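Here the sequence shown stands for residues 0 to 167, numbered as in numbering that gives the first Met the number 0. Backbone N, C-alpha and C fix where the C-beta goes; we use that ideal spot for every residue, glycine too. As the structure is a computational prediction, the values presented were derived from the model and not from experiment.
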Amino acid sequence: MNEDLQKRIQQALANPQNMGELANADAVGTVGSSDCGEMLRMWVKFKEQNGRRVIDKATFQSFGCETAIAVASLATELIRGKTAEEALALKSEELSGELGPLPPMKIHCAQLVEGALRSALSPQTAANVPPTPPLPATQAAVPTLLDSFSKPKEGLKIVFLDDPAKPS
0 MNEDLQKRIQ QALANPQNMG ELANADAVGT VGSSDCGEML RMWVKFKEQN
50 GRRVIDKATF QSFGCETAIA VASLATELIR GKTAEEALAL KSEELSGELG
100 PLPPMKIHCA QLVEGALRSA LSPQTAANVP PTPPLPATQA AVPTLLDSFS
150 KPKEGLKIVF LDDPAKPS
């Protein structure tokens, strides 16, 4: 990764915007899998503005590399004030725009953010559906990404690279 891109990523990480869950979100989208280690979840809240339903706030959680976190942070700011249709029209390159062109090995980070946004703003989600009332604090509407990692579907298998029974 070139030094200029690394510096822009570090600047975005120094003050990441909109990290964490969003209470009373109108839409939630998740992409990735705890099995492969990269997941991103995005929450979106809408408001009425000038007769249009626009994105008021978006937040995210990410289990991924620093580039994915930086792109998600920038994207949540970029989509504010846009309709669902306008946000869905944005491509991964536009979502990561302030970072500049990403190297081939990091393009998937922007695609992860685009996927979470598309998941949250799918046509069913983007319809004018009134938000559901908040659940009591003891009930989570959507499991957190941490839940996915702390409650794996299968057991954990440890494979030693060196046989501890054999002397070196």
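E47 - containing beta strand (DSSP E), residue span: E37 to Q48
Residues near G61 in its chain [Cβ-Cβ closer than 6 Å; skip 5 each side]: According to the sequence as given, residue 61 is Ser; it is not Gly. Same-chain partners within the cutoff: L39, A67, I68 and A71.
Cut-off 6 Å between Cβ atoms - residues of its own chain near G28, not counting five sequence neighbours on either side: Closer than 6 Å at the Cβ level, and outside the excluded window around G28, lie M41, A115, S118 and A119.
C-alpha distance - L73 paired with L94, whole-angstrom precision: 7 Å
Contact between the region 18-27 and the region 42-51 (3+ Cβ pairs under 8 Å): yes
CA-to-CA distance, Q48 to E37, given in whole angstroms: When rounded, the distance between both Cα atoms is 35 Å.
Classification of G63 by the beta-carbon crowding that lies within 10 angstroms, buried from 16 upward: buried
Same chain, Cβ closer than 7 Å to L111, five either side skipped, listed in chain order: V30, G31, E37, L39, G63 and A67
Sub-8 Å separation of K81 and I54 beta-carbons: yes
CB contact flag (M104, T58, <8 Å): No; because the gap between Cβ atoms is not below 8 Å, this pair is not in contact.
Bridge partner(s) assigned by DSSP for R52: E47
Local Cβ density within 10 Å of E172, reported as buried at 16 or more and exposed below that: As shown, the chain starts at 0 and ends at 167. That puts residue 172 outside it, with no answer to give.
CA nearest to the CA of R79, picked from K46, E20 and R7: K46
Element boundaries [beta strand (DSSP E), containing S32]: A26 to S32
N-terminal and C-terminal residue of the alpha helix (DSSP H) that Q5 is part of: E2 to A13
Beta-carbon spacing of A109, L101 below 8 Å: yes
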